[in-house]
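Residues in the sequence shown are numbered from 1 upward in steps of one, following full-length UniProt numbering. The block underneath contains the structure these notes are about, expressed in structure tokens.
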Amino acid sequence: MSETTGIFRKLSSKLDHTPNDIPMGKRLGAYFIDWSLGGIISGFPAVLLYGVITGKSDMFSDLYVFEALGFERYWGMIAGILCLLAAILYYIVVPCKIWRGQTLGKHLLGLRIVRKDGEAVGVKELILRQGIAIFLMEGTLFIISTYIRQLVTLVTWVYVDAIWQYIGIAFTLLSVVLAIYTASHRALHDYIGGTKVVLALKEEEVKKDTPRQTEKPKPEQQKRKQKPMPAPQKKTEKKRLPKKNGKK
Numbered sequence: 001m002s003e004t005t006g007i008f009r010k011l012s013s014k015l016d017h018t019p020n021d022i023p024m025g026k027r028l029g030a031y032f033i034d035w036s037l038g039g040i041i042s043g044f045p046a047v048l049l050y051g052v053i054t055g056k057s058d059m060f061s062d063l064y065v066f067e068a069l070g071f072e073r074y075w076g077m078i079a080g081i082l083c084l085l086a087a088i089l090y091y092i093v094v095p096c097k098i099w100r101g102q103t104l105g106k107h108l109l110g111l112r113i114v115r116k117d118g119e120a121v122g123v124k125e126l127i128l129r130q131g132i133a134i135f136l137m138e139g140t141l142f143i144i145s146t147y148i149r150q151l152v153t154l155v156t157w158v159y160v161d162a163i164w165q166y167i168g169i170a171f172t173l174l175s176v177v178l179a180i181y182t183a184s185h186r187a188l189h190d191y192i193g194g195t196k197v198v199l200a201l202k203e204e205e206v207k208k209d210t211p212r213q214t215e216k217p218k219p220e221q222q223k224r225k226q227k228p229m230p231a232p233q234k235k236t237e238k239k240r241l242p243k244k245n246g247k248k
């Protein structure tokens with residue numbers, strides 16, 4: 001029992017306990033928007049390609065369907081790659097180039113992804129957070145993660161879909177626990193990306209209300225700027241010589 005308690009204490013010491021007043025309702029709302037809209041955008045290339053190649057208008061199921069219908073295996077690979085590019089556009093390019101630190105869901109609900117130190121996120125942080133952590137590790141609920149697992153199976157000829165999905169469920173549950181029950185509300189993907197989620201409106205108000213600090217000139221610079229005042233000149237009165245009395 002004591003060993004188990006010691007392990008939990010060590011794990012707890014590794015966590016970020018800095019308080020974060022972000023409303024969890026907003027974060028869940030942003031997550032739902034990105035899950036639904038991001039899923040539509042990510043899956044659209046596969047649906048479009050499926051209709052063009054097969055001539056069918058029924059529901060698209062997965063990347064395996066092309067081979068199951070007698071088409072070449074590479075059509076499933078092409079569909080998977082196109083879906084991955086669409087997901088990168090939505091989850092990485094948009095928060096990097098259009099709304100800094102914001103997917104559409106976070107933009108609508110006034111949230112922002114920033115680095116742990118509060119600075120703006122860059123490409124590196126977004127790739128680690130969105131690409132590695134969410135797409136590959138936690139992506140049980142994201143359609144793009146399903147397509148990535150299927151794409152790897154098609155390329156390697158090794159069925160990794162099921163075991164990868166079970167591992168993703170474990171990571172997802174851990175991420176949810178961290179986001180809800182820790183003071184910092186940082187999920188697993190935040191730790192991997194070195195990020196946190198904050199209120200965007202509050203951040204902008206702080207920047208707006210903070211006065212700009214001007215650098216005070218150094219004493220040496222003040223001395224150089226202050227030119228010595230010239231000494232006041234004394235007015236000299238000319239002495240008038242007495243007039244000589246006499247005839248010329």
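For glycine and all other residues, C-beta sits at the position ideal for the given N, C-alpha and C.
Counting pairs of Cβ atoms below 8 angstroms between the segment 71-86 and the segment 98-117, do you hit three or more?
Too few Cβ pairs lie closer than 8 angstroms, so no.
Residue environment, R73, which counts as buried when at least 16 other CB atoms sit within 10 Å:
That one is exposed.
Rounded to whole angstroms, what is the Cα-Cα separation between F60 and I41?
Roughly 14 angstroms between the two C-alpha positions.
Quick check: what's the CA-CA separation for V197 versus A68?
Their Cα atoms are separated by approximately 43 angstroms.
Buried versus exposed, by CB contacts within 10 Å (16 or more), Y147:
With 16 or more other CB atoms across the displayed protein chains lying within 10 angstroms of its CB, Y147 is buried.
With three or more beta-carbon pairs closer than 8 angstroms as the criterion, would you say the segment 181-191 touches the segment 139-146?
No contact exists between the segment 181-191 and the segment 139-146.
Considering K106, what are the terminal residues of the beta strand (DSSP E) in which it resides?
Note, K106: premise wrong, no beta strand (DSSP E); alpha helix (DSSP H) at L104 to L108.
Over the uninterrupted alpha helix (DSSP H) stretch that includes L188, give me the two end residues.
Unbroken alpha helix (DSSP H) run through L188: L188 to G193.
Proximity to D34 [Cα-Cα], best of L108, A179 and V177
D34 has its Cα closest to that of L108, out of L108, A179 and V177.
Near W75, which residues of its chain fall below 6 angstroms by C-beta distance, leaving aside the five closest residues on each side in sequence?
For W75, where only same-chain residues beyond five positions count, the Cβ hits under 6 angstroms are I53 and F66.
Do you know offhand how far P19's Cα is from L174's?
Rounded to the nearest angstrom, the two C-alpha atoms are 19 angstroms apart.
Cβ neighbour criterion (16 or more within 10 Å) applied to K106
Flag for K106 reads buried.
Spell out the partners DSSP gives R112 in its beta bridges.
In the DSSP output, where bridge partners are listed per residue, R112 has V198.
Selection from D62, L63, K56 and L111 that minimises the alpha carbon distance to T195
The shortest Cα separation from T195 among D62, L63, K56 and L111 belongs to L111.
Could you check the C-alpha separation between I134 and S36 for me, to the nearest Å?
If I take the Cα positions, the gap works out to 15 angstroms.
Which complete alpha helix (DSSP H) runs does the segment 91-165 hold, if anything under 4 residues is left out?
As far as the segment 91-165 is concerned, its whole alpha helix (DSSP H) runs of at least 4 residues are 104-108, 123-126 and 143-156.
With burial defined as no fewer than 16 other Cβ atoms inside 10 Å of the residue's Cβ, what is the status of H185: buried or exposed?
That one is buried.
Taking the C-alpha atoms as reference points, what is the distance between S12 and A170?
One C-alpha to the other measures close to 18 angstroms.
Exposure of W164, with buried meaning 16 or more beta-carbon neighbours within 10 Å
Looking at its Cβ environment, which holds 16 or more other Cβ atoms inside 10 Å, W164 is buried.
For the alpha helix (DSSP H) that contains S42, what are its first and last residues?
Where S42 is concerned, the enclosing alpha helix (DSSP H) stretches over M24 to T54.
Quick one, are the C-beta atoms of A46 and L28 less than 8 angstroms apart?
In this structure, A46 keeps its C-beta atom at 8 angstroms or more from the C-beta atom of L28.
Could you spell out the range, first to last residue, of the alpha helix (DSSP H) harbouring L84?
Per DSSP, L84 belongs to the alpha helix (DSSP H) from Y74 to I88.
So, is residue 259 buried or exposed, given that buried needs 16 or more other C-beta atoms within 10 angstroms?
Since the displayed the chain opens at 1 and closes at 248, residue 259 lies outside it and no answer follows.
Consult DSSP for S184 and reduce its assignment to one of helix, strand or coil.
In the three-state DSSP reduction, S184 falls in the coil class, being neither helix nor strand.
Determine the DSSP secondary structure at L69, reduced to helix, strand or coil.
L69: coil per DSSP, three-state reduction.
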